[in-house]
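Each residue of the sequence shown is one higher than the one before, counting from 1 in UniProt numbering.
Positions of the beta carbon are idealized from the N, C-alpha and C atoms, including for glycine.
For clarity, every value in this text was computed on a predicted model and none was experimentally measured.
These notes are about the structure you will find just below.
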Amino acid sequence: MSDSSIALPSPTATVGTSVLYTPSLTEYVRRKTSTVVIGDVPMGSDYPIRVQSMTTVDTMDTAGSIEQSIRMIEAGCEYIRITAPSVKEAQNLENIRNGLRARGYTTPLVADIHFTPNAAELAARIVEKVRINPGNYADRKRFEFIDYTDAAYAAELERIRAKFLPLVRICKEYGTAMRIGTNHGSLSDRILSRYGDTPMGMVESALEFLRICEAENYFNIVLSMKSSNPQVMVQAYRLLVQRLDQEGLKPYPLHLGVTEAGEAEDGRIKSALGIGTLLEDGIGDTVRVSLTEEPEREAPVAQALIDRYTNRRSESQPIPAVDQYPINPYQYTRRATQEVANLGGSNVPRVIADYSQTPITSHNDLHPIGHFYLPVPDKWRMNDLGADYVYTGLTPASFMLPNGLKEVLDYIVWQNVDDLANTLPMLLANEYLTAKTSGEPLHDRLNFVRCTWDDLSDDLLDQLRTDQTVALVLSTDNAHAMAELRRLVVELMNQGINTPVVIWRSYANVPEADLPLFAATDAGGLLIDGLGDGIMLSTATTTDADKKRLNELAFGILQAARTRITKTEYISCPSCGRTLFDLQETTATIRQRTDHLKGVKIGIMGCIVNGPGEMADADYGYVGIGRDKIALYRGQEVIKKSVPADRAVDELIELIREDDRWIEPELTTVG
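Structure, rendered in structure tokens:
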């Protein structure tokens with residue numbers, strides 16, 4: 001679309017009357033922050049985005065902690081976080097620190113504190129930074145609702161101030177940095193009673209502690225807003241930035257992370273969707289990816305997310321600015337679209353598989369995208385990850401596809417197929433406009449029209465206003481892809497056009513490990529704001545394994561964005577020195593027994609610190625409470641206490657069965 005048709009940008013984009021959370025929705029600009037001194041590795045916008053992770057070895061295992069820290073440092077960690085749940089662990093941080101220094105490693109250490117102010121006060125004299133969680137630093141969570149009067153609430157804040165001030169003064173005296181790290185699942189009863197389980201409550205929880213720090217002229221602070229739900233996490237960080245600016249507080253650096261993201265590709269998708277969405281808008285100064293894996297495996301994932309923005313401004317093509325943003329970025333609302341066939345409206349986002357480079361010649365060709373032919377009894381079967389459409393381009397499939405799968409052909413081919421009713425056309429924007437003006441045939445229900453920003457002409461917009469058979473397939477070759485696709489949807493919204501859109505991202509020469517990170521950022525960043533009615537992913541390679549992975553990736557992104565639930569979700573913490581069982585092995589066992597329970601969310605937490613609060617989103621919880629002792633939760637209510645670990649998975653399944661949510665797994669699977 002030509003720049004002349006776009007309204008002149010204002011200096012800062014706005015939503016309603018509120019200043020947005022980012023200086024630009026269309027140009028990559030890193031948010032300007034103050035600098036925080038953390039040993040000899042400062043943090044802030046004047047420095048590179050930093051990588052960090054957390055040890056999983058028992059903090060009292062000095063040698064083990066030192067060796068694991070070295071592995072993490074050599075993997076790329078610039079800060080090492082170590083749990084200090086009590087005074088004895090806080091004291092041992094000095095031995096770990098001295099051991100690392102003796103080996104020549106000066107990487108700053110961060111003490112992770114939850115319930116123990118005295119441990120924090122000791123640790124602040126030893127390490128370069130302490131992390132406190134305002135939800136449980138001065139509060140005890142009992143999951144009680146209390147109707148506070150203003151006077152009672154003020155009295156609570158004064159009590160918190162008295163407990164927190166000693167740590168602030170020690171940090172100020174010793175030059176120790178602090179992270180005030182709010183977690184969605186561990187908001188205090190006081191915050192929940194006044195603000196609810198909301199991003200606003202998360203932000204206010206941190207601001208209460210931040211105001212105490214500023215009153216003491218202590219500013220060496222990093223902030224974080226973590227959640228296992230990427231949607232909540234993104235909204236909370238955005239709101240935090242907006243509130244800091246609104247209240248005239250310092251622009252503190254931000255630590256980004258999605259808590260309890262899980263393992264393998266699902267954990268990477270979930271992390272990238274939250275972290276990448278914020279990095280796209282220049283938000284974030286340090287990254288921790290929380291995977292249920294060894295901590296040294298987290299650093300390369302974080303670095304891959306960060307590296308994508310190293311040269312973003314020089315590699316990007318200019319995108320016209322946004323002066324009015326028609327989306328509330330602090331609360332999820334799906335863009336209102338007209339229903340076209342099963343796209344848009346109230347339909348879940350659809351998945352289109354790209355087979356344009358490989359012809360479909362046998363039934364087995366559809367196995368990778370979840371469709372299976374059973375010779376006996378001569379029927380098709382589709383699993384939970386069955387694609388909704390298959391794009392075959394110039395080569396029609398050689399047999400009739402199953403009813404649950406619709407074929408999409410390039411327009412030049414579609415015009416000449418025998419079955420116009422059961423196949424669908426994919427048109428370029430100019431082909432669509434020509435067909436509309438010349439009277440060439442179009443499908444009477446659904447026409448896919450490929451569209452880039454440059455295709456968005458006045459003629460196309462005029463046609464879209466009245467045509468109720470079109471779904472746009474949006475694509476871009478801009479390095480700043482998410483921003484350009486978002487700009488395109490914003491233009492549709494500002495023009496009053498409610499045509500559904502499919503997000504098409506194609507990746508060539510992208511390392512295999514980076515593909516889920518990039519796709520989750522580009523497509524997930526739109527879906528998390530309700531901008532998308534479908535997804536299509538393509539790569540240069542076209543093996544069955546590639547197709548299967550892309551299909552699973554598409555469904556995984558929709559699941560992580562909470563827009564289409566197709567499988568069991570696991571909210572599992574990344575383990576730390578507090579963990580009371582083998583978290584990776586246990587997570588694998590639970591997944592093996594329960595991964596057929598579509599839509600069920602199971603939290604797997606290594607200790608009570610990461611227990612009922614941190615799995616705020618989970619339907620069921622498996623929480624370590626002692627050596628080989630497990631507590632089982634329904635939501636945030638403990639149902640079974642002190643279950644022996646060797647029986648705990650069976651007891652968890654029995655709990656699910658009691659709620660009539662258990663289904664028996666099939667004895668055999670196809671494909």
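Residue i in three-state terms, based on DSSP
{"i": "ARG487", "result": "helix"}
{"i": "ILE604", "result": "strand"}
{"i": "ALA540", "result": "coil"}
{"i": "GLU132", "result": "With the sequence shown as reference, residue 132 is identified as Ile, and Glu is not the correct amino acid for it. The answer is strand: DSSP assigns ILE132 an E or B state."}
{"i": "ALA481", "result": "helix"}
{"i": "HIS255", "result": "strand"}
{"i": "ASP660", "result": "coil"}
{"i": "ASP189", "result": "helix"}
{"i": "GLU216", "result": "coil"}
{"i": "VAL241", "result": "helix"}
{"i": "ILE70", "result": "helix"}
{"i": "GLY611", "result": "Confidence at GLY611 is low in this model, with a pLDDT of 48, below 50, so the placement of that residue should be treated as unreliable; the coordinate-derived value is given next. Coil, per DSSP."}
{"i": "ARG50", "result": "strand"}
{"i": "ASN311", "result": "coil"}
{"i": "ALA513", "result": "coil"}
{"i": "ASP410", "result": "strand"}
{"i": "ASN498", "result": "coil"}
Other residues of its chain near residue i: CB distance less than 6 Å, five sequence neighbours each side excluded
{"i": "GLU296", "result": "ARG71, MET72 and ALA75"}
{"i": "GLU431", "result": "TYR411"}
{"i": "GLU94", "result": "ILE126"}
Test item: CB-CB of residue i and residue j under 8 Å
{"i": "ARG445", "j": "ALA341", "result": "yes"}
{"i": "GLU298", "j": "LEU305", "result": "no"}
{"i": "ILE191", "j": "GLU204", "result": "yes"}
{"i": "LEU442", "j": "MET426", "result": "no"}
{"i": "LYS547", "j": "ALA264", "result": "no"}
{"i": "ILE96", "j": "THR62", "result": "yes"}
{"i": "LEU461", "j": "LEU433", "result": "no"}
{"i": "PRO349", "j": "GLY532", "result": "yes"}
{"i": "THR499", "j": "LEU526", "result": "no"}
{"i": "ASN98", "j": "THR59", "result": "no"}
Distance, residue j Cα to residue i Cα
{"i": "LYS601", "j": "GLU440", "result": "49 Å"}
{"i": "LEU122", "j": "VAL87", "result": "7 Å"}
{"i": "GLY248", "j": "THR333", "result": "29 Å"}
{"i": "GLY611", "j": "ILE180", "result": "Any reading at GLY611 must be qualified, since the residue scores a pLDDT of 48, below 50, and its modelled position is unreliable; the value itself is stated next. Whole-angstrom Cα-Cα distance: 20 Å."}
{"i": "MET482", "j": "VAL301", "result": "20 Å"}
{"i": "PRO665", "j": "GLY196", "result": "37 Å"}
{"i": "TYR355", "j": "ASP388", "result": "13 Å"}
{"i": "residue 676", "j": "GLU67", "result": "Since the first residue shown for the chain is 1 and the last is 671, residue 676 is missing from the structure and cannot be characterised."}
{"i": "MET400", "j": "ASN364", "result": "13 Å"}
{"i": "PHE219", "j": "GLY284", "result": "18 Å"}
{"i": "TYR622", "j": "THR594", "result": "13 Å"}
{"i": "TRP662", "j": "LEU655", "result": "9 Å"}
{"i": "ARG103", "j": "CYS171", "result": "26 Å"}
{"i": "LEU239", "j": "GLY556", "result": "26 Å"}
{"i": "LEU515", "j": "GLY44", "result": "28 Å"}
{"i": "THR543", "j": "SER34", "result": "48 Å"}
{"i": "ALA508", "j": "ILE497", "result": "32 Å"}
{"i": "VAL29", "j": "ARG81", "result": "29 Å"}
{"i": "THR286", "j": "LEU464", "result": "43 Å"}
{"i": "MET200", "j": "MET233", "result": "11 Å"}
{"i": "SER271", "j": "ARG487", "result": "24 Å"}
{"i": "ARG634", "j": "GLY624", "result": "15 Å"}
Close Cβ partners of residue i (< 7 Å) along its chain, the five nearest in sequence each way excluded
{"i": "THR452", "result": "SER475 and THR476"}
{"i": "ASN494", "result": "GLN324 and PRO326"}
{"i": "ARG268", "result": "VAL301, PRO516 and LEU517"}
Strand pairing of residue i, partner residues [DSSP]
{"i": "LEU109", "result": "ILE80"}
{"i": "TYR620", "result": "ILE602 and ARG634"}
{"i": "GLU569", "result": "LYS601"}
{"i": "ILE535", "result": "VAL351 and ILE503"}
{"i": "GLN235", "result": "Partner(s): none; GLN235 has no beta bridge."}
{"i": "PHE372", "result": "ARG381"}
{"i": "LEU427", "result": "VAL449"}
{"i": "VAL643", "result": "ILE630"}
Nonlocal neighbours in the same chain, by C-beta distance under 8 Å from residue i, ignoring five residues either side
{"i": "GLY386", "result": "ILE369, GLY370, HIS371, GLY404 and LEU405"}
{"i": "LEU8", "result": "Only weak support is given to the placement of LEU8: the predicted model assigns it a pLDDT of 28, under 50, and the value that follows is read from those uncertain coordinates. These residues qualify, in order along the chain: ASP323."}
{"i": "LEU210", "result": "ILE180, ILE221, LEU223, LEU249 and TYR252"}
{"i": "THR392", "result": "TYR355, SER356, PRO359, ILE360, GLU407, VAL408 and LEU409"}
{"i": "THR469", "result": "VAL340, LEU442, HIS443, ASP444, ARG445, LEU446 and ASN447"}
{"i": "ALA120", "result": "ALA84, ALA90, ALA111, ILE113, VAL130, ILE132, TYR137 and LEU167"}
Closer than 8 Å to chain C by CB, residue i
{"i": "HIS371", "result": "Considering every chain present, this structure includes no chain C. It has just one protein chain."}
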